[in-house]
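Oh and the first sequence: position 149 is 149 in full-length UniProt numbering, straight run, nothing missing.
Glycine residues also receive a C-beta, built at the ideal position from the N, C-alpha and C atoms.
Worksheet: one structure, shown below.
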Amino acid sequence: MGYWLFKTEPDTFGIEDLKHRPQQTEPWDGVRNYQARNFLRDSVALNDKVFIYHSSCKEVGIAGVAKVSRAGYPDETQFNPESAYYDPKASRDNPRWYRVDVTFEQQFARVLPLSTIKATPAIHEIGLVKKGHRLSVMPVSAEEWQILMNMAQGKQ
DNA sequence: GCCAACGTTGGC
DNA sequence: GCCAACGTTGGC
Numbered sequence: 001m002g003y004w005l006f007k008t009e010p011d012t013f014g015i016e017d018l019k020h021r022p023q024q025t026e027p028w029d030g031v032r033n034y035q036a037r038n039f040l041r042d043s044v045a046l047n048d049k050v051f052i053y054h055s056s057c058k059e060v061g062i063a064g065v066a067k068v069s070r071a072g073y074p075d076e077t078q079f080n081p082e083s084a085y086y087d088p089k090a091s092r093d094n095p096r097w098y099r100v101d102v103t104f105e106q107q108f109a110r111v112l113p114l115s116t117i118k119a120t121p122a123i124h125e126i127g128l129v130k131k132g133h134r135l136s137v138m139p140v141s142a143e144e145w146q147i148l149m150n151m152a153q154g155k156q
C-alpha cells in the first residue's frame, strides 16, 4: 500500500469539509503542477492512505487521514471554462491534468504541527522538510507514515 | 505583507 | 537549449 501527503488550504477546503461531504468523498482536483500530476496519474493507487495537510492557515500541519477511493482519472475542471482551473490547452482527447477521489478516514484530535514534524530527526527526509517542499502531492515512506501517525495520536 | 524558493514562459 | 523575467507557493 502507498502513502501520500496532500496539501490543501483549509479556508478553501479542509479535513472538516471532507468529513461533511456526501459519502465523505471528494475529487482532489485543481492540481496544476506536472510532478504532482504525474503522481496522481501514475502512482496514487486505490486504497492508498493520504495525510491531509493544512497550509497557509492558523494551524499549519497534518490534520487527518483520508484514503484513495478512486485512482487517477482526468480532472474535469480543466475542461470547464467557468472553472478557476480551466486549461484551454487541455482537451478530452488529450487531458493534461488528473485527479483522484479521496474518502475521509479520521481527523486528528489536534493538528500535528509542521514545527513538530521539522523538529523530529527521524523525519528529516520527508518532502515537507526538504527540497520540493512546495509540492502539493508527495510520497511518504511507510516508516515516516508510522512515525507521524504515532506522533499525531500521542503514542510517542 | 514579506520574501525565499521554487516553477513556468518566451525571446533569442 | 539557455536564461532572464515573471508568477506562485507557503511559512512566518
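{"Query": "Whole runs of the alpha helix (DSSP H) within the UniProt domain \"EVE\" (3-151), excluding any shorter than 4 residues", "Result": "15-19, 34-38 and 114-118"}
{"Query": "E105 versus L128: straight-line alpha-carbon distance, rounded", "Result": "22 Å"}
{"Query": "CB contact flag (D99, P10, <7 Å)", "Result": "Position check: residue 99 holds Arg in this sequence, whereas Asp was assumed. Against a cut-off of 7 Å, the Cβ pair of P10 and R99 comes out as no contact."}
{"Query": "Cα-Cα separation, P81 to K89", "Result": "11 Å"}
{"Query": "Residue burial classification, E144 (beta-carbon count within 10 angstroms, cutoff 16)", "Result": "buried"}
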